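Here's the structure we're looking at; comments come further down.
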Amino acid sequence: MTKLERHTLADMGPDVARTATGDAADTTRWLDEAKSMVKQYAYHMKRAVDDDNLREALKNASLMLGELRTIALAPREYYELYIAASDELTYLKSFFGDKSRHGRSCMELYELVQHAGNILPRLYLLITVGATYVESEEGRARDVLMDLVEMTRGVQQPIHGLFLRAYLAQMSKALLPDKGSRYEGKGGSIDDAVEFLLQNFTEMNKLWVRMQHVGPASGRTRREGERQELRDLVGKNLLAIAQLDGVDLDLYRERVLPRILEQVVNCKDELAQPYLLDVLIQVFPDEYHLATFTEVFATLTMLRPSVRVGSILNALLGRLLTYAEETPKAKVEFEAANVFPKSFECCRAVIEAHDDVPAKEIIGMYAALMAFAKKLQITDAGTLDDILLALAESLESKVPIVDADAVKQLTVLLTDPLETCDVSKVLTLNSFPKVMELLEHTSKREIALGIVQTLVKNRSTLTSTAQVNVLYKFIDCVIRAPEEENAAIASGSFIEDKQTAARLAEEQTIVARVVHLFKAPGDDYEIQLQMLNQAYDILMAGGARRGGGVSWGPGGGK
Numbered sequence: 194m195t196k197l198e199r200h201t202l203a204d205m206g207p208d209v210a211r212t213a214t215g216d217a218a219d220t221t222r223w224l225d226e227a228k229s230m231v232k233q234y235a236y237h238m239k240r241a242v243d244d245d246n247l248r249e250a251l252k253n254a255s256l257m258l259g260e261l262r263t264i265a266l267a268p269r270e271y272y273e274l275y276i277a278a279s280d281e282l283t284y285l286k287s288f289f290g291d292k293s294r295h296g297r298s299c300m301e302l303y304e305l306v307q308h309a310g311n312i313l314p315r316l317y318l319l320i321t322v323g324a325t326y327v328e329s330e331e332g333r334a335r336d337v338l339m340d341l342v343e344m345t346r347g348v349q350q351p352i353h354g355l356f357l358r359a360y361l362a363q364m365s366k367a368l369l370p371d372k373g374s375r376y377e378g379k380g381g382s383i384d385d386a387v388e389f390l391l392q393n394f395t396e397m398n399k400l401w402v403r404m405q406h407v408g409p410a411s412g413r414t415r416r417e418g419e420r421q422e423l424r425d426l427v428g429k430n431l432l433a434i435a436q437l438d439g440v441d442l443d444l445y446r447e448r449v450l451p452r453i454l455e456q457v458v459n460c461k462d463e464l465a466q467p468y469l470l471d472v473l474i475q476v477f478p479d480e481y482h483l484a485t486f487t488e489v490f491a492t493l494t495m496l497r498p499s500v501r502v503g504s505i506l507n508a509l510l511g512r513l514l515t516y517a518e519e520t521p522k523a524k525v526e527f528e529a530a531n532v533f534p535k536s537f538e539c540c541r542a543v544i545e546a547h548d549d550v551p552a553k554e555i556i557g558m559y560a561a562l563m564a565f566a567k568k569l570q571i572t573d574a575g576t577l578d579d580i581l582l583a584l585a586e587s588l589e590s591k592v593p594i595v596d597a598d599a600v601k602q603l604t605v606l607l608t609d610p611l612e613t614c615d616v617s618k619v620l621t622l623n624s625f626p627k628v629m630e631l632l633e634h635t636s637k638r639e640i641a642l643g644i645v646q647t648l649v650k651n652r653s654t655l656t657s658t659a660q661v662n663v664l665y666k667f668i669d670c671v672i673r674a675p676e677e678e679n680a681a682i683a684s685g686s687f688i689e690d691k692q693t694a695a696r697l698a699e700e701q702t703i704v705a706r707v708v709h710l711f712k713a714p715g716d717d718y719e720i721q722l723q724m725l726n727q728a729y730d731i732l733m734a735g736g737a738r739r740g741g742g743v744s745w746g747p748g749g750g751k
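First residue of the sequence shown? That's 194 in this note's numbering, and the numbers climb one at a time after it.
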């Protein structure tokens, strides 16, 4: 593709251009040609710089940057071209900074480069001169940077605009009037630095979101992949804000967070929303999240229905847990801020606001909440019961739960309390049977056996007939035969293969171990006998192939 073809294609507009580019196999050839032109123009630019010929240097720099006007390249290849061109600008920037060679003030240079014929090369040159303008302290950082962030609005082609603003962010990184920097004071304040970065972030996010709508519907999947490749260009703005020394908690809470969350909600984009919140959670300090978690929680209810909010909530709870583990005073702070009750309420509100949250994600959210409670040493039976009841209520419309990962998570949720709490507390929970009812028979059976095995492993004890009764209700699905099985046995039509028989025998062996957990207080034989009789009655009702088929002694009964 010739230079004329490349630039004509760029002028046609994105929809036509993408059609005109044709075979993707040509991309490598186009990239090689563009990089070759960049190298050629850069050579002439450097020769002009060495000769102190400002106008010739600007002319060739403009031609070199003109190669970035192409839209014949995918983002990955465009990035390669961008790096090739922007690296060459370092040589030109050094020349701009030496007034003795070109005889112009930075203000004059700033005005001169604005005469470049094409807007994209013009703005790259303007940013390069602008950096020198601030470094020389001829221009105030606040004024120059705000001028640049405003002027870059002139490029609205998404990929061009994203990389142009990425260059602006790169060149301005050391020029911000941050607290303690050489530009603070006369050059502006931390408020100006934050405002510049927030504006650049907002505009970059708009360009990034717009990429999804540029081109035919048939290319949506491809564009989504391209956007994934470019997302870090947007996220780096948030990292830059987090790295400013002057951004304290008050500034973060009052100015930074509201603007970020506003952009998250308003962009209404299912790719941008989770990504930006994830970056927000990862780059800012844990103590900032502790002070502002309610604002983030509120935002989760306003996201697009297709956004998987569970992973976002889990990430935030994870950061708060890290803070709780590493900070001795955290428990007091968490109690003062009502972190756990508000987190619990957020879980429920988020699920209510998003009808299509998958069962696996709902379970993951409540699992994270239970881990959070455990870390905060909130282990009372009432809280545990509330969590599991809320889980059961949230999953009512999604029964039966058959997803293998979801069942595995539920198993952990139901057996973990038996590891950490007194069995007498766990057996008072009304939620266990309700959660069990969410599952189909096979999964119920696996969880029931898991409960028994956990009790046996921990050598837990049952001390009353009430506890015996509750436990057997928990594991009723492995004690009582299904109705269809009893009917088949009664009619003589029941047929059982060896594998099923072996599995059932193994299950009943596990269930039989429960009686060894009975331990009457003070070795009271009367209570011990009552518990055994209670177990006998329950197991005998289980059917001929289960407890009812077991010999209980010489008389086969009590």
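Quick reminder that beta carbons are idealized off the backbone N, C-alpha and C, glycines included.
Treat the numbers as computed from the prediction; the structure is a model and nothing was measured.
Who are the Cβ neighbours of residue 663 in its own chain at under 6 Å, not counting the five residues just before and after it?
Around residue 663: 620.
Report the option in 394, 555, 247, 331 whose CA atom is closest to the CA atom of residue 588.
Of all alpha-carbon atoms in 394, 555, 247, 331, the one lying nearest the alpha-carbon of residue 588 is that of 555.
Indicate whether residue 260 and residue 241 have their beta-carbon atoms separated by less than 8 Å.
In this structure, residue 241 does not lie closer than 8 Å to residue 260 by Cβ.
Would you mind sorting residue 722 into buried or exposed? The rule is 16 or more other CB atoms within 10 Å of its CB.
Exposed.
Using 8 Å as the cut-off, can you tell me whether the segment 291-310 makes contact with the segment 231-241, which would need three or more C-beta pairs spanning the two stretches below that distance?
Result no; under three Cβ-Cβ pairs closer than 8 Å.
Which term fits residue 418, buried or exposed, when burial requires 16 or more other beta carbons within 10 angstroms of its beta carbon?
Note on residue 418: under 16 other CB atoms within 10 angstroms of its CB, so exposed under the neighbour-count rule.
Please return the same chain residues whose Cβ sits closer than 8 Å to the Cβ of residue 231, not counting the five positions on each side in sequence.
Contacts found: 257, 260, 274, 277, 278, 281.
For residue 248, which of 289, 359, 716, 729 has the nearest alpha-carbon?
Closest option to residue 248, Cα to Cα, is 289.
How far does the alpha helix (DSSP H) with residue 449 in it extend, from its first residue to its last?
It is not in any alpha helix (DSSP H) - residue 449 carries neither H nor E in the DSSP assignment.
State whether the segment 405-417 contacts the segment 387-395, with contact taken as three or more CB pairs (one from each stretch) at a distance under 8 Å.
The answer is no - the segment 387-395 does not touch the segment 405-417, with fewer than three Cβ pairs under 8 Å.
Range covered by the alpha helix (DSSP H) that runs through residue 256
Start and end: 247-259.
Meets three-Cβ-pair contact criterion under 8 Å: the segment 484-500 and the segment 422-439
Verdict: no, contact absent.
Distance CB(residue 648)-CB(residue 578) smaller than 8 Å
For the 8 Å CB-CB criterion, residue 648 and residue 578 do not form a contact.
Measuring alpha carbon to alpha carbon, tell me which of 547, 519, 364, 479 ends up nearest residue 512.
Checking every option, the nearest Cα to that of residue 512 belongs to 479.
By Cβ distance, which residues of its chain are closer than 8 Å to residue 568, with the 5 residues on each side in sequence left out?
514, 517, 518, listed in sequence order.
Which whole-angstrom value describes the C-beta separation of residue 250 and residue 285, a residue pair presumed to lie in contact below a C-beta threshold of 8 Å?
6 Å between Cβ atoms; contact.
What are the start and end residues of each continuous alpha helix (DSSP H) run of 4 or more residues lying completely inside the segment 490-521, in chain order?
Correct list: 502-519.
Which class does residue 620 belong to by DSSP, given the choice of helix, strand or coil?
It is coil, neither helix nor strand.
Do residue 490 and residue 539 have their CB atoms nearer than 8 Å?
Inclusion of residue 490 and residue 539 in the CB contact set at 8 Å is warranted, their separation being smaller than that value.
Identity of the residues DSSP links to residue 381 by a beta bridge
For residue 381, the pairing in a beta bridge is given by DSSP as 378.
According to DSSP, is residue 264 part of a helix, a strand, or is it coil?
Here residue 264 sits in coil by DSSP.
Please state the DSSP three-state secondary structure of residue 632.
In the structure shown, residue 632 sits in a strand (DSSP, three-state: E or B).
For residue 668, three-class secondary structure by DSSP
Collapsing the DSSP output to three states places residue 668 in coil.
For residue 485 versus residue 446, is the C-beta distance shorter than 8 Å?
In this structure, residue 485 sits near residue 446, with a CB-CB distance shorter than 8 Å.
Is residue 473 near the ligand FAD, going by C-beta to nearest heavy atom under 7 Å?
Looking for the ligand FAD in the displayed structure turns up nothing, as the structure carries no ligands at all.
Pop quiz: residue 361 and residue 390 are said to be a contact at Cβ under 8 Å. What is the actual Cβ separation, rounded to whole angstroms?
In this structure, residue 361 and residue 390 do not form a Cβ contact; the two beta carbons are roughly 10 Å apart against a cut-off of 8 Å.
With DSSP run on the structure shown, which of helix, strand or coil describes residue 179?
For residue 179 there is no data in the structure shown, the boundaries of the chain being 194 and 751.
Same chain, Cβ closer than 8 Å to residue 353, five either side skipped, listed in chain order
Cβ within range, chain order: 261, 262, 264, 313.
By Cβ distance below 7 Å, which residues in the same chain neighbour residue 727 in space, the five residues on each side in sequence not counted?
Excluding sequence neighbours, residue 727 sits near 658, 661, 662.
What separation, rounded to the nearest whole angstrom, lies between the Cα atoms of residue 603 and residue 668?
One C-alpha to the other measures close to 15 Å.
Look up residue 214 in the DSSP assignment and say whether it is helix, strand or coil.
Any reading at residue 214 must be qualified, since the residue scores a pLDDT of 44, below 50, and its modelled position is unreliable; the value itself is stated next. Assignment of residue 214 by DSSP, reduced to helix, strand and coil, places it in the helix class.
Have a look at 421, 609, 595 and flag the residue whose alpha-carbon is nearest the alpha-carbon of residue 651.
Of the candidates 421, 609, 595, the one whose C-alpha sits nearest the C-alpha of residue 651 is 609.
Does any residue of chain B have a CB that is nearer than 8 Å to the CB of residue 615?
Absent from the structure: chain B. Only one protein chain is present.
Could you check the C-alpha separation between residue 572 and residue 344 for me, to the nearest Å?
If you draw a straight line from the Cα of residue 572 to the Cα of residue 344, it is about 57 Å long.
8 Å Cβ cutoff met for residue 580 and residue 562
If you check the CB distance, residue 580 and residue 562 come in under 8 Å.
For a quick check, are the C-beta atoms of residue 407 and residue 460 less than 8 Å apart?
Taking 8 Å as the cut-off, the beta carbon of residue 407 is found no closer than this to the beta carbon of residue 460.
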